[in-house]
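So the mapping is simple: the working numbering equals the position in the sequence shown, first residue as 1, plus 71.
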Amino acid sequence: VQLQASGGGLVQAGGSLRLSCAASGSIFSIDVMGWYRQAPGKQRELVATSGGSTTYADSVKGRFTISRDNAKNTVYLQMISLKPEDTAVYYCWGIIRVSRYGSSYSYWGQGTEVTVSS
């Protein structure tokens with residue numbers, strides 16, 4: 072199973088970006104998909120997840136929206152009103168079941184860099 076993230080880039084404060092992450096490989100079902108981020112010199116932190124319900128970090132509530140296209144095994148993160156403090160490498164993540172009777176496992180995608188200039 073692979074997770075491929077895309078959509079990062081350089082944007083001015085107040086701008087918007089949309090990140091995408093597609094899961095591929097031997098996938099029976101996806102329990103949860105989400106996004107984490109890691110800013111320079113800081114620990115990786117949860118941004119948003121989408122499973123039975125959605126969760127958001129307090130710092131992004133009202134500005135970021137997570138959504139999924141289950142037919143495409145893809146998760147999106149729409150980010151608006153971006154701030155310089157949103158600058159980080161964004162990682163997609165998923166808990167994925169690879170067979171009907173197998174276990175679910177955690178997978179990480181490669182990061183996509185988001186830079187917000189002031």
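Just so it is clear, CB atoms sit at the ideal spot from N, CA and C, and this is done for glycine as well. Fair warning: this is a prediction, and the values are worked out from it, not measured in the lab.
Separation of residue j from residue i, as counted between CA atoms
{"i": "K143", "j": "S152", "result": "27 Å"}
{"i": "M104", "j": "S124", "result": "11 Å"}
{"i": "K113", "j": "S121", "result": "24 Å"}
{"i": "Y161", "j": "R115", "result": "9 Å"}
{"i": "V82", "j": "T183", "result": "14 Å"}
{"i": "S95", "j": "G79", "result": "20 Å"}
{"i": "G165", "j": "L90", "result": "15 Å"}
{"i": "K154", "j": "N141", "result": "30 Å"}
{"i": "C163", "j": "Y172", "result": "25 Å"}
{"i": "Y88", "j": "S77", "result": "Per the sequence shown, residue 88 should be read as Leu rather than Tyr. One C-alpha to the other measures close to 11 Å."}
{"i": "Y127", "j": "R134", "result": "10 Å"}
{"i": "D72", "j": "I167", "result": "The amino acid at residue 72 is misidentified as Asp; the sequence shows Val. Whole-angstrom Cα-Cα distance: 8 Å."}
{"i": "D129", "j": "A159", "result": "16 Å"}
Proximity below 7 Å, CB of residue i to CB of residue j
{"i": "W106", "j": "L148", "result": "yes"}
{"i": "F99", "j": "V187", "result": "no"}
{"i": "T145", "j": "A93", "result": "yes"}
{"i": "S175", "j": "D102", "result": "yes"}
Extent of the continuous beta strand (DSSP E) run through residue i
{"i": "Y161", "result": "159-168"}
{"i": "G173", "result": "Premise fails: G173 is in no beta strand (DSSP E) and is neither H nor E."}
Residue i classed as buried or exposed, judged by whether at least 16 other C-beta atoms fall within 10 angstroms
{"i": "A119", "result": "buried"}
{"i": "W179", "result": "exposed"}
{"i": "R108", "result": "buried"}
{"i": "A84", "result": "exposed"}
{"i": "D157", "result": "buried"}
message = Restricting to runs no shorter than 3 residues, where is the beta strand (DSSP E) found entirely within the segment 77-157?
response = 80-83, 88-95, 100-109, 116-121, 125-127, 135-140, 145-150
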